[in-house]
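Structure first, commentary second.
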Amino acid sequence: MPRKLLPVVLALAVTACSSQKALPQGPELVTKSAEAMKAVTSASFAITTDGAPKLQLKKADGRLTAKGDADGTLQISIFGSLQEFSFAMIGETVHFKGLTGGFQTLPKQALMAGVGYDPSTLLHPDKGVSTLLRGLVKPVTEAEEDGSYRVAATFPGKTMGTLIPGVTTDINGKLWVDAASHRLNRITLPLEGGSVTVTLTDYDAPVTVTPPAG
């Protein structure tokens, strides 16, 4: 390369690098996300599985509030058979029904002992997503995608049970944090036999859970 062109090439390279938006550091980003999630009052959630991960919970969706009320549906594998339940959690009472029959009422603790999952804890400041984010190990911001930052991190098994029942070991997964609000958009975790994805949307929308009729 001619010597007189070298300074021009170097100048262009420096300009290109400086024009790229610097990504926020992973630890700082997940700390901000944990704080943002503590302030959330309500959200819609969806849990989906891909492939055949060894989980009792196969699918869930619904709405929930920070105080613990929630409604929606759960799809659970019971002795190899998929069972779907509709539920409404109000305080410590759960109204639930299967594909047939009407709604039954149980204390939340009794139902969760049988079903093994309590979605109302997702927004709990001491048990939910906020706590999970604070415990992430070695978070690294990988890229910006559609207004969110994609972060790779190790999810400790000791806090995973409130998010995905049955998961007790550390998992290397990914999460997406909204670039503007720092709220959590999505978590994807690879598991033996497949993967599971948790999606949170409709933050702070009005949510009122009432006892179902019938």
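Going by mature numbering (1 follows the signal peptide of the UniProt record, and there is no 0), the letters in the sequence shown line up with residues -22 to -1, 1 to 192, in that order. Glycine included, C-beta positions come from ideal geometry on N, C-alpha and C. Just so it is clear, the structure is predicted and the values come from calculations on it, not from any experiment.
Option nearest residue i by Cα separation, candidates the options
| i | options | result |
| --- | --- | --- |
| Leu167 | Ala157, Val145, Asp47 | Val145 |
| His102 | Thr9, Val118, Val18, Phe74 | Val18 |
| Ile142 | Pro2, Phe23, Val8, Leu7 | Phe23 |
| Pro190 | Lys36, Arg41, Met67 | Met67 |
| Thr27 | Thr179, Thr188, Val187, Thr175 | Thr175 |
| Lys36 | Leu77, Thr188, Gln61 | Gln61 |
| Thr140 | Asp124, Leu111, Leu100 | Leu100 |
| Asp96 | Thr179, Arg112, Gly58, Gln53 | Gln53 |
| Met138 | Gly106, Glu6, Phe57 | Gly106 |
| Ala91 | Leu162, Gln34, Leu77 | Gln34 |
Range covered by the beta strand (DSSP E) that runs through residue i
| i | result |
| --- | --- |
| Gly29 | 20 to 29 |
| Ser11 | Ser11 -> not in any beta strand (DSSP E); alpha helix (DSSP H) instead, spanning 4 to 16. |
| His102 | Neither: His102 is in no beta strand (DSSP E) and is coded neither H nor E. |
| Leu35 | 35 to 43 |
| Gly172 | 172 to 179 |
In DSSP terms, what residue i is bridged to
| i | result |
| --- | --- |
| Ser59 | Ile56 |
| Asn163 | DSSP, once it has assigned bridges, lists no residue as partnering Asn163. |
| Gln87 | Its beta-bridge partners do not exist; DSSP assigns none. |
| Gly135 | In DSSP, Gly135 forms no bridge with anything. |
| Asp130 | At residue 130 the sequence reads Ala, which differs from the Asp that was named. BP columns for Ala130 point to Val118, Lys152. |
| Glu123 | Ser126 |
| Val72 | Met67, Leu84 |
6 Å Cβ shell around residue i - same chain, five flanking residues per side excluded
| i | result |
| --- | --- |
| Arg164 | Trp154, Thr177 |
| Gly46 | Ser98 |
| Ala121 | Arg128 |
| Thr43 | Ser20, Val185 |
| Phe133 | Ile149, Gly151 |
| Gly50 | Asp39, Gly40 |
| Ile25 | Ala38, Val176 |
Nonlocal neighbours in the same chain, by C-beta distance under 7 Å from residue i, ignoring five residues either side
| i | result |
| --- | --- |
| Ser108 | Ala12, Met15, Lys16 |
| Ala183 | Ser20 |
| Ser64 | Thr51, Phe74, Lys75 |
Spatial distance of residue i from residue j (CA atoms)
| i | j | result |
| --- | --- | --- |
| Lys136 | Leu114 | 11 Å |
| Gly29 | Gly172 | 4 Å |
| Ala(-7) | Asp148 | Reliability of the predicted coordinates at Ala(-7) is poor, the pLDDT of 42 falling under 50, and no value is obtained from them. |
| Gln87 | Asp156 | 34 Å |
| Asp104 | Leu110 | 9 Å |
| Lys10 | Ala(-1) | 17 Å |
| Thr188 | Glu123 | 37 Å |
| Gly125 | Ala48 | 28 Å |
CB contact below 8 Å: residue i versus chain B
| i | result |
| --- | --- |
| Thr78 | Of the protein chains in the structure, only one exists, and it is not chain B. |
Residues near residue i by beta carbon distance below 8 Å, same chain, minus five either side
| i | result |
| --- | --- |
| Ala131 | Gly4, Val8, Leu114, Val115, Lys116, Pro117, Val118, Asn150, Gly151, Lys152, Leu153 |
| Ser159 | Ala14, Tyr181 |
| Lys32 | Gly144, Leu169, Glu170, Gly171 |
| Leu84 | Thr71, Val72, Phe74 |
| Gln82 | His73, Phe74, Lys75 |
| Val(-9) | Confidence at Val(-9) is low in this model, with a pLDDT of 46, below 50, so the placement of that residue should be treated as unreliable; the coordinate-derived value is given next. No residues qualify anywhere along the chain. |
| Arg112 | Val8, Thr9, Ala12 |
| Glu6 | none |
Residue interval of the alpha helix (DSSP H) (run including residue i)
| i | result |
| --- | --- |
| Thr109 | 107 to 112 |
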